[in-house]
Amino acid sequence: MKRVLPFVRQHFHTIVVICCFVLTALLIVYFLPREGKFMFEYQKGGFWKHEDLTAPFNFPVYKSAAELDRERDSVLHNFRPVFNYDQEIADQRIQELSEDFSSGWVNFSIVRLKVPSHDMYLKDKRYELNRQLESEYRHYLVSLLRDIYRKGIIDLSPVEENGKVTYPEITVVRGNLADIVQTGDFYTPKTAYEQVMENWVNNLPEKHNLPFKKYEDFARTFEINKYLSINVTHDEVKSKNLRRSLVNSISLTRNVVQEGQGIISRGEFISDTKYQVLESLRKEYERNLGFFERQLVIFGKFLLVLTTMLVIYLFLYSFRKEVLGSFKRVLFILLSLVLMILIAGTAIKLNLITVYIVPFALLPIILKTFFDSRLALYVHIILVLLVGFFVPNGFEFVFLNVLAGMVAIISLTDVYRRSNIVLTALSVIVTYSVTYFGIALVQEGRLSQINYSYFGWFGVNGLLLLISYPLIYIFEKTFGFTSDATLLELSDTNQPLLRKLAELAPGTFQHSLQVANLAEDAVFHIGGNPLLVRAGALYHDIGKMDDPMYYIENQSNTINPHDNLSFEQSAAMIIGHVQKGVEMARKYKLPEAIVNFIRTHHGTTTVQYFYRSFLSKYPEAEVDVKRFSYPGPKPMSKETAIVMMADSVEAASRSLKNITAEAIEKLVDSIIAAQMTDGQYNDAQITFKDMTMVREVFKKRLQNIYHVRISYPQ
Numbered sequence: 000m001k002r003v004l005p006f007v008r009q010h011f012h013t014i015v016v017i018c019c020f021v022l023t024a025l026l027i028v029y030f031l032p033r034e035g036k037f038m039f040e041y042q043k044g045g046f047w048k049h050e051d052l053t054a055p056f057n058f059p060v061y062k063s064a065a066e067l068d069r070e071r072d073s074v075l076h077n078f079r080p081v082f083n084y085d086q087e088i089a090d091q092r093i094q095e096l097s098e099d100f101s102s103g104w105v106n107f108s109i110v111r112l113k114v115p116s117h118d119m120y121l122k123d124k125r126y127e128l129n130r131q132l133e134s135e136y137r138h139y140l141v142s143l144l145r146d147i148y149r150k151g152i153i154d155l156s157p158v159e160e161n162g163k164v165t166y167p168e169i170t171v172v173r174g175n176l177a178d179i180v181q182t183g184d185f186y187t188p189k190t191a192y193e194q195v196m197e198n199w200v201n202n203l204p205e206k207h208n209l210p211f212k213k214y215e216d217f218a219r220t221f222e223i224n225k226y227l228s229i230n231v232t233h234d235e236v237k238s239k240n241l242r243r244s245l246v247n248s249i250s251l252t253r254n255v256v257q258e259g260q261g262i263i264s265r266g267e268f269i270s271d272t273k274y275q276v277l278e279s280l281r282k283e284y285e286r287n288l289g290f291f292e293r294q295l296v297i298f299g300k301f302l303l304v305l306t307t308m309l310v311i312y313l314f315l316y317s318f319r320k321e322v323l324g325s326f327k328r329v330l331f332i333l334l335s336l337v338l339m340i341l342i343a344g345t346a347i348k349l350n351l352i353t354v355y356i357v358p359f360a361l362l363p364i365i366l367k368t369f370f371d372s373r374l375a376l377y378v379h380i381i382l383v384l385l386v387g388f389f390v391p392n393g394f395e396f397v398f399l400n401v402l403a404g405m406v407a408i409i410s411l412t413d414v415y416r417r418s419n420i421v422l423t424a425l426s427v428i429v430t431y432s433v434t435y436f437g438i439a440l441v442q443e444g445r446l447s448q449i450n451y452s453y454f455g456w457f458g459v460n461g462l463l464l465l466i467s468y469p470l471i472y473i474f475e476k477t478f479g480f481t482s483d484a485t486l487l488e489l490s491d492t493n494q495p496l497l498r499k500l501a502e503l504a505p506g507t508f509q510h511s512l513q514v515a516n517l518a519e520d521a522v523f524h525i526g527g528n529p530l531l532v533r534a535g536a537l538y539h540d541i542g543k544m545d546d547p548m549y550y551i552e553n554q555s556n557t558i559n560p561h562d563n564l565s566f567e568q569s570a571a572m573i574i575g576h577v578q579k580g581v582e583m584a585r586k587y588k589l590p591e592a593i594v595n596f597i598r599t600h601h602g603t604t605t606v607q608y609f610y611r612s613f614l615s616k617y618p619e620a621e622v623d624v625k626r627f628s629y630p631g632p633k634p635m636s637k638e639t640a641i642v643m644m645a646d647s648v649e650a651a652s653r654s655l656k657n658i659t660a661e662a663i664e665k666l667v668d669s670i671i672a673a674q675m676t677d678g679q680y681n682d683a684q685i686t687f688k689d690m691t692m693v694r695e696v697f698k699k700r701l702q703n704i705y706h707v708r709i710s711y712p713q
């Protein structure tokens, strides 16, 4: 136990990272489908490349999706929505009309026609005549409504589409009886009103020899539409149940293949019929595993996924140790992988939408933004291989998505340019479409057999890639990464910190600008992140703002503050600007990627001027060289190494008295050679070829800065 604890403490980070990889493998196995994997690969339109296949057990042959769609359309052609006829509504409205009509008639007669009321009956016989007229008019109007309600007033909106009735017949339930009725046999509220008014106002005087003219105003002002209510209503529940029962009545299978029956022979062409039999066998095989076999399948999947996790770990260990050394970066990569597999696994399990709608190219786009193209492609291939193992037509799926991911990585050059995201999405759509079209031609051999709906899914897939821009911002803020968009913002010289540097230390600011130009030009030639280099170079000397006059580029007169300090104190002052810069950067919440440039731009080099001055003045004294050396660390990336070179070369070039092409070349070569000999670039991922190119770029750029001309012969 005593030996174990020190080992755990020493390798705690590695143990935690390995545990994360194992946990990721478990999550992936959980999210992916748990059915077995059919042992044969095949494609419709191809040839059977395996041994002769016989049925290992009895299994049904399922109908294809196209067949089921045709049968479903045929069955639903006879579907008639269910409506309920309500007699109570008709009786209630007719009763209300009868009562309201009588009271309205009496009021109209007394006020407008001066017909005496019941109290005056003994004095005026017109009352009885008026009462008889009211009764005849009321009965006629009630009969009109009764005829209307007998047919029924219906709301057609449930069976209408774009203003047209989609079902010419419906099922009407009256009590316990159901009848099929033409939809056009019913009244709508509008046609019912028009029918009543036509008969009430126009036909009544013709059919009944009555004095209608006197009561015409009453007839027109009486609100008949109040008594016209819908009494044939759509029963959504019954309609859905009826529709479901019709669909469920469709048989999903054609026939049954008996155990031992031959299915396909080696070299035989895989026709549509054979393909459907093979698909049915695959489904039944993957579904009908026993408990013990299912546990073995899950364990086998875990081994496969764990192997892929090991491959990712070994890749990071071999080529991107700085990523593996950051728990936050490892966690981000693994979480991104798990999230994409969760989405894909959900699409496969639910079978609601095709898996091709899942934007798998989103993962390499995001990983390339925060890491590099090689890591993005590597993880993308692992993702596609894992998902491809569990989807139908795995080879087709892997082929399509690997190509789409490659195109996404190649086409996405600058994430901070929003137009590039759109162009990348279009490139992915075109890649999917062209590749699928080629595969479909190989498999089907006929244009009519191609499933063109896939092109729509590819379009949706490409559109979903556009969410990468906001996702990059969210991940950047959540995990503390630095995207190109942020670097572009930081490179703006109007940023508060850079404006402060320009005001307090103008010489240092100009020096930083020149270093940024040199380093950016160099990284363009050897490959790297120009935006990162430029931003890092602009901020690398911000620590000099505290005491700007102690640095020669800010001294505007002959007074030198170092004259009043010892050599050790002067060296400490110069060296201190690195730590001050780190503290200032963190105060202003600069990304850690920029802080790395501040920490490493002098590496572990020595402040040569004060160190040599000390040795010259005190040749016999013992000196600790660490007191005259920067604390480091050394540059750990190509970008930080280039900024270190550019910083040293640019500063030294200002001290040249005779500026010629030869002097500049000698200066650049000597400074970079001295730093190489000192081992300053041992931890950086930069080659001798890269450094040769960097030197040539520096020489050319410095000659342009100082306007060095070639000496022509007289």
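If you read the sequence shown in numbering that gives the first Met the number 0, its first letter stands for residue 0, the second for the next number, and so on. C-beta atoms are modelled at their ideal positions from N, C-alpha and C, and glycine is treated no differently.
Residue from N559, G542, G461 and I541 whose Cα sits closest to the Cα of M548: Locating residue 548 in the sequence shown gives position 549, counting from the first residue. Ranking N559, G542, G461 and I541 by Cα distance to M548 puts N559 first.
Identify whether Q674 lies in helix, strand or coil by the three-state DSSP scheme. The residue you call residue 674 lines up with position 675 of the sequence shown. Reduced to three states, the DSSP call for Q674 is helix.
Distance, Cα to Cα, A640 vs A571? The residue given as residue 640 occupies position 641 in the sequence shown. The residue given as residue 571 occupies position 572 in the sequence shown. Distance between the alpha carbons of A640 and A571 is about 23 Å.
Spell out the partners DSSP gives Y186 in its beta bridges. Taking the first residue of the sequence shown as position 1, residue 186 is located at position 187. I152.
Output needed for I525: all residues of its chain with C-beta closer than 6 Å, excluding positions within five of it in sequence on either side, in chain order. Here residue 525 refers to the residue found at position 526 when the sequence shown is read from its first residue. Closer than 6 Å at the Cβ level, and outside the excluded window around I525, lie D689 and M692.
Y61 lies in the beta strand (DSSP E); which residues open and close that run? Numbered from 1 along the sequence shown, position 62 holds the residue referred to as residue 61. Here the beta strand (DSSP E) through Y61 covers F58 to Y61.
From S410, E638, I249 and K543, residue whose alpha carbon lies closest to that of A64: Numbered from its first residue, the sequence shown carries residue 64 at position 65. Among S410, E638, I249 and K543, the Cα nearest to that of A64 belongs to I249.
Take the Cβ of H10 as the centre, count every other Cβ of all protein chains shown within 10 Å, and call the residue buried at 16 or more, exposed below. In the sequence shown, the residue the question calls residue 10 occupies position 11. The residue is exposed, with fewer than 16 neighbouring Cβ atoms inside 10 Å.
So, is I352 buried or exposed, given that buried needs 16 or more other C-beta atoms within 10 angstroms? The residue given as residue 352 occupies position 353 in the sequence shown. By the 10 Å Cβ count, I352 comes out exposed.
Which word fits M119, buried or exposed, when buried means at least 16 other C-beta atoms lie within 10 angstroms of its C-beta? The residue labelled residue 119 in the question sits at position 120 within the sequence shown. For M119, the predicted model reports a pLDDT of 44, less than 50, meaning its position is unreliable; a value from the coordinates is still stated below. Per the 10 Å Cβ criterion, exposed.
Which word fits S493, buried or exposed, when buried means at least 16 other C-beta atoms lie within 10 angstroms of its C-beta? Counting from 1 along the sequence shown, the entry for residue 493 is found at position 494. Before going further, note that residue 493 is Asn rather than Ser in the sequence given. Residue burial annotation: N493 is exposed, with fewer than 16 other C-beta atoms found within 10 angstroms of its C-beta.
What residue does the beta strand (DSSP E) around V256 start on, and which one ends it? Position 257 of the sequence shown, counting from 1, holds the residue named residue 256. T252 to V256 is the extent of the beta strand (DSSP E) around V256.
What is the residue span of the beta strand (DSSP E) that V522 lies within? In the sequence shown, counting from the first residue as 1, residue 522 sits at position 523. V522 -> not in any beta strand (DSSP E); alpha helix (DSSP H) instead, spanning P505 to I525.
Can you find the residues in the same chain that come closer than 7 Å, C-beta to C-beta, to I311, ignoring five residues on each side of it along the sequence? Within the sequence shown, residue 311 is the residue found at index 312, counting from 1. Answer for I311: V378 and I381, listed in chain order.
Taking a contact to mean a Cβ-Cβ separation below 7 Å, would you say A737 touches L155 in this structure? Outside the displayed range of the chain (0 to 713) lies residue 737, so it cannot be described from this structure.
From what residue to what residue does the beta strand (DSSP E) around H12 run? Start at 1 with the first residue of the sequence shown, and residue 12 comes out as number 13. That residue, H12, is in no beta strand (DSSP E); its alpha helix (DSSP H) goes F11 to F30.
Once you ignore the five residues that flank F56 on each side, which residues in its own chain have a CB closer than 6 Å to its CB? If you number the sequence shown from 1, residue 56 lands on position 57. For F56, where only same-chain residues beyond five positions count, the Cβ hits under 6 Å are E258.
Quick one: residues in its chain with C-beta nearer than 8 Å to the C-beta of G678, no 5 flanking neighbours on either side, listed in chain order? Stepping through the sequence shown from its first residue, residue 678 is reached at position 679. The residues K633, in chain order, have a CB closer than 8 Å to that of G678 in the same chain once the five nearest residues on each side in sequence are set aside.
Quick check on H138: buried or exposed, where buried means 16 or more other Cβ atoms within 10 Å of its Cβ? Sequence index remark: in the sequence shown, residue 138 carries index 139 (1-based). It counts as exposed.
Mind checking whether V594 and V577 have CB atoms under 7 Å apart? Within the sequence shown, residue 594 is the residue found at index 595, counting from 1. Within the sequence shown, residue 577 is the residue found at index 578, counting from 1. No, they are not a contact pair.
Is the separation between the beta-carbon of A375 and that of P363 shorter than 7 Å? For the purposes of this step, residue 375 is taken as the residue at position 376 of the sequence shown. For the purposes of this step, residue 363 is taken as the residue at position 364 of the sequence shown. Closer than 7 Å, so yes.
Alpha carbons only, please: which of D668, D646, A662 and L25 is nearest the one belonging to L303? The residue you call residue 303 lines up with position 304 of the sequence shown. Comparing Cα-Cα distances from L303 to each of D668, D646, A662 and L25, the minimum goes to L25.
In this structure, does DSSP put E222 in helix, strand or coil? In the sequence shown, the residue the question calls residue 222 occupies position 223. Reduced to three states, the DSSP call for E222 is coil.
CB-CB length for I597 against H539, believed under 8 Å: One-based indexing of the sequence shown puts residue 597 at position 598. One-based indexing of the sequence shown puts residue 539 at position 540. At roughly 6 Å, the Cβ-Cβ gap stays under 8 Å, so I597 and H539 are in contact.
Pick from F370, L411 and R286: whose alpha carbon is nearest that of E321? Locating residue 321 in the sequence shown gives position 322, where the first residue counts as 1. E321 has its Cα closest to that of F370, out of F370, L411 and R286.
Residue range of the unbroken beta strand (DSSP E) whose run includes I169: Taking the first residue of the sequence shown as position 1, residue 169 is located at position 170. Looking at the DSSP string, the run of the beta strand (DSSP E) that includes I169 is E168 to R173.
Excluding the 5 residues flanking T187 on each side, which residues of the same chain have their C-beta closer than 8 Å to its C-beta? Taking the sequence shown and counting its residues from 1, the one referred to as residue 187 is at position 188. So the qualifying residues of the chain are I152, I153, D154 and L155.
Residues that DSSP places opposite G261 in a beta bridge: For the purposes of this step, residue 261 is taken as the residue at position 262 of the sequence shown. According to DSSP, residue pairing for G261 in a beta bridge involves T53.
The beta strand (DSSP E) enclosing L176, as first and last residue numbers: Walking along the sequence shown from the start, residue 176 turns up at place 177. Run containing L176: L176 to Q181, per the beta strand (DSSP E) assignment.
Starting from the N-terminal side, write out each stretch of the alpha helix (DSSP H) that is 4 residues or longer and does not extend beyond the region 641-685. Segments of the alpha helix (DSSP H) lying fully in the region 641-685: 660-676.
Chain-order list of residues whose beta-carbon lies under 6 Å from that of N102 (same chain, five-residue window excluded): Counting from 1 along the sequence shown, the entry for residue 102 is found at position 103. Reading the sequence as shown, one finds Ser at residue 102 and not Asn. Here the set comprises nothing.
For K122 and I179, I'd like the C-alpha separation in whole angstroms. Working through the sequence shown from its first residue, we reach residue 122 at position 123. Working through the sequence shown from its first residue, we reach residue 179 at position 180. Reliability fails at K122, whose pLDDT of 44 lies under 50, so the model's placement of it is uncertain and the value that follows must be treated cautiously. The alpha-carbon atoms of K122 and I179 are separated by roughly 59 Å.
Leaving out five residues on either side along the sequence, give the residues of the same chain with a beta carbon under 6 Å from the beta carbon of H561. Within the sequence shown, residue 561 is the residue found at index 562, counting from 1. Once the five neighbours on either side are set aside, the close Cβ partners of H561 are S569.
Would the region 644-653 and the region 500-519 be scored as touching if the rule is three or more Cβ pairs under 8 Å? yes
Other residues of its chain near P167: CB distance less than 7 Å, five sequence neighbours each side excluded: The residue you call residue 167 lines up with position 168 of the sequence shown. Excluding residues up to 5 positions away in sequence, Q181 and T182 lie with their Cβ nearer than 7 Å to the Cβ of P167 in the same chain.
In angstroms, rounded to a whole number, what distance separates the CA positions of L487 and R533? Taking the first residue of the sequence shown as 1, we reach residue 487 at position 488. Taking the first residue of the sequence shown as 1, we reach residue 533 at position 534. L487 and R533 have their C-alpha atoms spaced approximately 9 Å apart.
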